[in-house]
Structure formats: C-alpha cells, structure tokens
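S.K.:
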Amino acid sequence: AWLDMHPGRRPQRRGTTAKERRLHQFLCEQRRALLRGQLPDDRREQLLSLPQLNDCFRRWMLPRRRRFVAQVAALKAWVKVHGRLPRHYGGVTAREPEERRLAKFIANQ
304 AWLDMHPGRR
314 PQRRGTTAKE
324 RRLHQFLCEQ
334 RRALLRGQLP
344 DDRREQLLSL
354 PQLNDCFRRW
364 MLPRRRRFVA
374 QVAALKAWVK
384 VHGRLPRHYG
394 GVTAREPEER
404 RLAKFIANQ
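As structure tokens, then:
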C-alpha cells in the first residue's frame, strides 16, 4: 500500500513518517538476509512480486563485482545523457532518485 501511494520511490531512512522509517528498516533487514543467503525463498518471491522493489532486489542479488560494473555502466550512461557527473546535493526533491543513487556511488568509492 505504501509503495502504491508513493510511486517511483522506496521508503527512506529519514522519511517523514514513522511508518516510512519502519518500512525502510524492514527492507534493510530483508536486504541483509538476502545478501547472507538467509532470506527464505517464499519471502524473496513475495518481495520480488512487487514491481516497485523488483529492480533494487535484482541489483542486490548481483555478486559484488558485477554490482560495481553495473554501477559504472549506469554512471557512464547517465553522464553521456546529462553531460556532467551526478550531484547528490540540492535538496531531496531537487534531484531524481537515479542521480542521487549514482552520486552516492561516487562518494562511496
């Protein structure tokens, strides 16, 4: 229901409501379980059945090296379209989620 009410975004750690913050924490726990190989198949399938989460879970399931290569490819494509590196500053609403995600990727390297 939350994902349907907020199309195009996932719950944020610093969300505006307690519900959003709890959902973010829940997704973080599911991600950790997935990466440790401890997420039961039925739970994984339920989460993957949500179109809004499908892309992020598929990214999380890539091995670390492939995730890095995929991020670099996404960054190159983004720079080619926009002619600049992505920026993460400028307010939460000022940047698209893809730009913020790629800017965070750069910052973490």
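Numbering (my numbering), first residue to last: 304 to 412.
Even glycine gets a Cβ: it sits at the ideal position worked out from N, Cα and C.
#1: Which residues mark the beginning and the end of the alpha helix (DSSP H) in which residue 385 is found?
#2: So, using beta-carbon positions, are residue 391 and residue 403 closer together than 8 Å?
#3: In three-state DSSP terms, what is residue 357?
#4: Taking C-alpha atoms, which residue in 311, 369, 333, 358 lies nearest to residue 347?
#5: Could you check if residue 374 is buried or exposed, using at least 16 other CB atoms within 10 Å of its CB as the buried criterion?
M.R.: In terms of the structure at hand:
#1: Here the alpha helix (DSSP H) through residue 385 covers 367 to 385.
#2: The beta carbons of residue 391 and residue 403 sit closer together than 8 Å.
#3: Helix, per DSSP.
#4: Of the candidates 311, 369, 333, 358, the one whose C-alpha sits nearest the C-alpha of residue 347 is 333.
#5: Buried, by the Cβ-count rule.
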